[in-house]
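Q: Starting off with a structure, shown below.
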Amino acid sequence: MIKEEFLERTIDSTARKSLEKADQDRIETVWDRLESQEPQCGYGLLGICCRNCAMGPCRIDPFGNNPTRGVCGADADTLVARNLARMIAAGAAAHSDHGRDIVEVLHLTALGKTSGYQITDEEKLKRIAGEYGINVDGRVKEEIAKELAEKAMDEYGMRKNTLQFAERAPEKRKEIWKNLGIWPRSIDREIVEIMHRTTMGVDADFVNILLQGLRVSLSDGWGGSMIATEFSDILFGTPTPKESFVNLGVLKEDTVNIIVHGHNPLMSEMVVDASRDAEIIKLAKQKGATGITLAGICCTANEILMRKGIPVAGNFLIQELAITTGAVDAMVVDYQCIMPSLVPIADCYQTKLITTSPKAKIKGATHIEFDPERAYEIGKEIVKEAIEAYGNRNPDRVNIPNHPVKMMAGFSAEAILGALGGTVQPLIDAIVAGKIRGIAAIVGCNNPKIKQDYGHVTLAKRLIENNVLVIQTGCSAIATGKAGLLVPEAADQAGEGLKEIANALGVPPILHMGSCVDISRILTVAAVIAKELNVDISDLPVAGAAPEWMTEKAVAIGAYVVASGIFTVLGPIPPVLGSANVTGLLTQGLGDVVGATFAVEPDPEKAAELIIKHIDEKRKALGLTTPPTGAS
Amino acid sequence: MKTVYIKPENCIGCKHCEVACAVEHSETKNLYSAISEEPLPISKIHVMPTFGIMAYPGKCMHCDPTPCIQVCPSGAISRDKETDTILINEEKCIGCGMCAIVCPFSAVLFNPSWRVSVDRDVAHKCDNCFERITNDLIPACVEACKTGALGYGDINEIIREERRAVGKTAAQLAAAIPVEEKIPELLKVWRDLALSMSQVGEKK
Ligand code: SF4
Ligand code: SF4
Ligand code: SF4
């Protein structure tokens, strides 16, 4: 019998078992730390504290009495807008810097200076080069890649003054951005400008600050993130549908178990390749293992799942629990969403925690620095460390929850178009006919403030029951994967129309489109559909949701999704309620400006209702009939 | 009689009061040095989570009659008549825990203190910032609290104010004049959302 307390924390059965083990082993987890943080500071939760200068820190009384302004005179609207803009900038920086690393490696690879990398998808290279106006005729791929990478580097600078991929948006959307003055000029520039505008004594107009917030978010969604996705496809291949397995049960007792955790495929791809190296496997066998098992956590898991079918151990809240199975010999991390708490936990189980990025070190971890020029050798070095650690594993402390769940992933924009026969028309026909009511993107993290996976899974179930095609990325997709919804058989849980379409195509009713930067794939698909219909993205019966979000990256994503014209429902409450004006702008005012708004609804059942209502309104406006609501 | 009073509906759980209290009761009375004192100063007001994001700052209420004085076997607890403050003489405290057992507000904690020469745990609880109030200052927690959750004043005066507010509301209701909300609308929205968030997925 699992303790009630653990049942309340998560719906992932393998996580529940591991929570029990963590408890027995006296391991402190993220849930325990949240408890000791409570009550959390209301100023922070409401967004009304500022420490941007040394006259502060300042805070505003949310009850409307003194103090109503910071020492400099900034009011709640300014404080909330500045803080939110900085969150968006930090999120955009994370995605875009990830993209930058990919661009650099593509460039070095084109120059023949890397080990382990190659230009895998030449067709895509040429297609993207075409978008950039690069001549591809009669040129070798390395030459094209070099020029493309250099052009992409300009997207980060200040000479070009526009972003290439933003051109993918439908005309009406581009007009909106231009008229509002939020067309992104360059990736780094918009981020830097947020930092400038929000420092003491610069931009105090909350509307002006938030518009720049939208601009920086666009430079992420249609810039940094899109570059990360597209250029990764060039290097490692554009994903195609494939099967794999998910949850902690993918670990095995008799193999060397390696978990890659973080975001960028640059490192994880090398570990994948190294773990398949015959010489390395031989080494593992010499140590008594039957082989090497590699599994992922967070978005780097999605990257190698999408392209290589590597199994997934879990999403964000699984990282600590994975180690408590006692069966992880090495956890290899790059950056983003890595909890520093992994160090003491890894210590308890003889797990090697290996950091690889010069940007993300953790005291107490082993640092093996990633270097594209020796990437494959470093990959092998890392796997050897894991094999070494396997020798130290204490079998008495191993307890792997069994029964991994089957899942399907790999639905890139190209793969979806491919499945539809090369055009979105069949999808549009299904929407017009009402078989598919609309499309909802469910994305984002886990957050211990919401029962793990419950938000994602409940929302996804309600939506497919109502014939809403669900597309997913990130930890959200891993959640529904664990719940068994990412298999074609799950179509049985969908409404009649969606079930018919999914069955005809042999796909799940929920499509896993990749990592968080791959939300750019969703933008690409939305743009293609809108263009096909000659409407704006905001006219489409589509919506977004982040039922368990927690990172600043999610704030950037929410902002660019809304700025792209897609209504978005957040689960956890963003730190904006300290300003009625900012809240009003985000939940209503933006509708008149960018044709979409945010809503906050922690309860996924109610969030589903909001989304269905929105989709039906959009259908009506397009002159489409409204299918009846209700579970199948 | 002057007292620290609590308006829980205004508490947002920021813990500014706790920090201010700990600094006030430290040896050096300075934030930057207090954090490296040995033993570390502790707060005598305790902001506790309740439900949703509602928090409650709990502290000694300086009762009269005073259960803790009645049970303290070593005579360590006394009342200052002037300020109606219940004070603990830490040197006399024998750490037996009797006061904590009888305290209806669970206000007493046991910890080392810089005021006792031997390293042992003694009773800690709010002393109304005795040094401050006898020097015409308001208690540190009240000064730190910017939301009005903590106030300091004459108990009868506070009650009179509250009564006036109640009377006004009653009169407005009788005259069908809309009553202005005590808590801003958006804060209510926030608290409702947070409550709903804390209950997501709970069995109904
Ligand atoms: S920028 Fe203004 S509000 Fe912020 S800390 Fe300085 S004085 Fe206070
Ligand atoms: S310590 Fe407890 S019993 Fe004693 S005066 Fe304070 S609240 Fe009352
Ligand atoms: S300072 Fe005031 S609002 Fe903050 S926790 Fe203390 S009592 Fe509550």
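In order, the protein sequence lines correspond to chains F and Z.
So the first sequence is residues 260 to 891, counted in the numbering used here.
So the second sequence is residues 19 to 222, counted in the numbering used here.
From the three backbone atoms N, C-alpha and C, an ideal C-beta is built for every residue, glycine too.
1. Can you tell me whether F/Cys557 sits near ligand 1, meaning its C-beta is under 7 Å from at least one heavy atom of the ligand?
2. Sort F/Thr273, F/Asp284 and F/Lys276 by Cα distance to F/Asp655 and report the nearest one.
3. State the start and end residues of the unbroken beta strand (DSSP E) segment that holds F/Val859.
4. Taking DSSP as the reference, what is the three-state secondary structure of Z/Tyr23?
5. Can you give me, in chain order, the residues of the stretch 147-165 of chain Z that have a beta carbon less than 8 Å from any beta carbon in chain F?
6. Is the stretch 839-856 of chain F close to the stretch 784-797 of chain F, with three or more CB pairs under 8 Å?
7. For Z/Val207, go through chain F and note every residue whose CB falls closer than 7 Å to its CB, in chain order.
8. Distance, Cα to Cα, F/Ala890 vs F/Val716?
9. Is the stretch 371-389 of chain F touching the stretch 437-451 of chain F in the sense that three or more CB pairs, one from each, lie closer than 8 Å?
10. List the residues of chain F whose Cβ lies closer than 7 Å to the Cβ of Z/Asn28, in chain order.
11. Jot down the residue ranges of each uninterrupted beta strand (DSSP E) in the stretch 776-814 of chain F, minimum 3 residues, whole runs only, in chain order.
12. Can you list, in chain order, the residues of the stretch 292-322 of chain F whose Cβ is nearer than 7 Å to any Cβ on chain Z?
13. Is there a Cβ of chain Z sitting closer than 8 Å to that of F/Pro707, yes or no?
14. Say the cut is 7 Å; is the CB of F/Pro834 nearer than that to a heavy atom of ligand 1?
15. Could you name the residues of chain F that Z/Cys32 contacts, counting a contact when the two beta carbons are closer than 7 Å?
16. Going by the CB atoms, is the gap between F/Ile698 and F/Ala689 shorter than 8 Å?
17. Please list the terminal residues of the continuous alpha helix (DSSP H) segment that includes F/Pro524.
18. Buried or exposed: where does Z/Ala182 fall if 16 or more other Cβ atoms within 10 Å of its Cβ makes it buried?
19. Whole beta strand (DSSP E) runs in the stretch 705-738 of chain F with 3 or more residues, listed along the chain?
20. Determine, using beta carbons only, whether F/Leu553 and F/Ile582 come nearer to each other than 8 Å.
21. Quick one: is the Cβ of F/Gly303 within less than 7 Å of any heavy atom of ligand 1?
22. Does any residue of chain F bring its CB to less than 8 Å from the CB of Z/Ala73?
23. With a cut-off of 8 Å on the beta carbons, I'd call Z/Ala158 and Z/Cys32 a contact; round off their distance for me.
24. So, are the CB atoms of F/Ala352 and F/Gln471 less than 8 Å apart?
25. Please write down, chain order preserved, every residue whose beta carbon lies under 5 Å from a heavy atom of ligand 4.
26. Is there a Cβ of chain F sitting closer than 8 Å to that of Z/Ala38, yes or no?
27. Please confirm whether F/Pro861 has its beta-carbon closer than 8 Å to some beta-carbon of chain Z.
28. Return helix, strand or coil for Z/Lys186, following the three-state DSSP convention.
29. Who are the Cβ neighbours of F/Glu528 in its own chain at under 7 Å, not counting the five residues just before and after it?
30. Measure the beta-carbon distance from F/Glu644 to F/Thr625 and round it to whole angstroms, keeping in mind my assumption that it falls under 8 Å.
31. Look up F/Asn762 in the DSSP assignment and say whether it is helix, strand or coil.
32. Would you kindly work out how many angstroms separate the C-alpha atoms of Z/Asp139 and Z/Gly113, rounded to a whole number?
33. Ends of the beta strand (DSSP E) at F/Asn516?
34. Would Z/Ala118 count as contacting chain F if we go by Cβ distances under 8 Å?
35. With 8 Å as the threshold, decide whether the Cβ of Z/Val41 is near any Cβ in chain F.
36. Return the residues of the stretch 820-846 of chain F that lie within a Cβ-Cβ distance of less than 9 Å from chain Z, sorted by chain order.
A: If we stick to the structure as given:
1. no
2. F/Asp284
3. Phe857 to Val859
4. strand
5. Lys164 and Thr165
6. yes
7. Leu836
8. Legend: pLDDT at F/Ala890 = 45, less than 50; position of this residue unreliable, value from coordinates given subsequently. Taking the straight line from one Cα to the other gives about 15 Å.
9. no
10. Phe322
11. 801-805
12. Glu297, Pro298, Gln299, Cys300, Gly301, Tyr302, Leu304, Leu305, Arg318, Asp320, Pro321 and Phe322
13. no
14. no
15. Cys300, Gly301 and Tyr302
16. no
17. Pro524 to Ser534
18. The identity of residue 182 of chain Z in the sequence shown is Arg, whereas the question assumes Ala. By the neighbour-count rule (16 or more Cβ atoms within 10 Å), Z/Arg182 is not buried but exposed.
19. 727-731
20. no
21. no
22. yes
23. Going by Cβ atoms, the distance from Z/Ala158 to Z/Cys32 rounds to 15 Å, so no, they are not a contact pair.
24. no
25. In the structure on display, ligand 4 does not appear, and the ligands it does have are ligand 1, ligand 2 and ligand 3.
26. no
27. yes
28. helix
29. Phe495 and Ile563
30. 7 Å
31. helix
32. 6 Å
33. Val515 to His520
34. no
35. no
36. Gly830, Pro831, Ile832, Leu836, Gly837, Ser838, Ala839 and Thr842
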